[in-house]
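Engineer: Here you go, one structure.
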Amino acid sequence: MKKFIPALAMSLIMSAFMVSAPQAATAKAVFAGGCFWCMEGPFDKLKGVKATTSGYAAGKKSTANYSQVSSGSTQHVEAIQITYDPNVISYATLLKTYWVNIDPFDARGQFCDKGHQYTTAIWTKNNEERQAALASQTAFKKLAKGNGGFKINITNYVSFYPAEEYHQNYYKKNPIRYKYYRGGCGRDRRLKAVWGKLAKH
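In structure tokens:
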């Protein structure tokens, strides 16, 4: 019995350590919501997000460049990769910001940008992320105002290729051009119509 008690105590200590052990220092999420210029800002504002990268998800590396992707001749989709600290912000919280920055009813693209390269998608890397994405979709269907069902693609992660440097942080580098593009595309008007006060940008 005397030998059993120390062993039991050590087992309990190790169990507690395993439960409370912090997650990896960083994780990455990949979402598509139309023009990648417009998707960086909402996530850059979140505490725990370390960086956002505009790029091309899925498709082949050889065709992951703006001239080919924007023509609609590849299987790529404009997307952003979010590098975040899971000990500060959860994947589920990222999803909350994602939903209110897209029009989930549009199967042809987003706002003024149409074509496969501008469609919406969530690429999940494991079952936990997939379940979180599906659960959030169910929750946000109850909050969105629009006709028809959600047209978003929730699928397994394949690949992500960073876009050219001039696309990175475009909203910061070219604030005036970005403002006119975003306004002219009708993005904020549509987001307000779909999400009301939940819309953020």
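For the sequence shown, our numbering assigns the number -18 to the initial residue and increments by one for each residue that follows.
We put the CB at the ideal spot given by N, CA and C, even for glycine.
Looking only at its chain, what residues have a beta carbon closer than 6 Å to the beta carbon of Asn134, apart from the 5 residues adjacent to it on each side?
Structural biologist: Same-chain partners within the cutoff: Ala102.
Engineer: Taking the beta strand (DSSP E) that Thr100 belongs to, which residues open and close that run?
Structural biologist: It is not in any beta strand (DSSP E) - Thr100 carries neither H nor E in the DSSP assignment.
Engineer: Report the rounded CA-to-CA distance for Ser51 versus Phe92, giving the unit in angstroms.
Structural biologist: 15 Å
Engineer: Thinking Leu75 and Ala10 are a contact (beta carbons under 8 Å), I'd like their distance in whole angstroms, please.
Structural biologist: 5 Å
Engineer: Out of Cys19, Ala6 and Ala8, which has the shortest C-alpha to C-alpha gap to Tyr162?
Structural biologist: Cys19
Engineer: Alpha carbon to alpha carbon, how far is Asp87 from Thr136? Give it in angstroms, no decimals.
Structural biologist: 17 Å
Engineer: Looking at C-alpha atoms only, which residue of Ala113, Pro67, Tyr79 and Arg111 is the closest neighbour of Lys28?
Structural biologist: Pro67
Engineer: Tell me whether the beta-carbon of Thr105 lies closer than 7 Å to the beta-carbon of Val58.
Structural biologist: Their beta carbons are not under 7 Å apart, which means Thr105 does not touch Val58 by this criterion.
Engineer: Using a 10 Å radius around the Cβ and a threshold of 16 neighbouring Cβ atoms, would you call Val139 buried or exposed?
Structural biologist: Within 10 angstroms of the beta-carbon of Val139 lie fewer than 16 other beta-carbons, which makes it exposed.
Engineer: Roughly how many angstroms lie between the CA atoms of Arg171 and Lys41, to the nearest whole one?
Structural biologist: 32 Å
Engineer: Going by C-alpha to C-alpha distance, which of Gly22, Thr34, Leu124 and Ala13 sits closest to Pro156?
Structural biologist: Gly22
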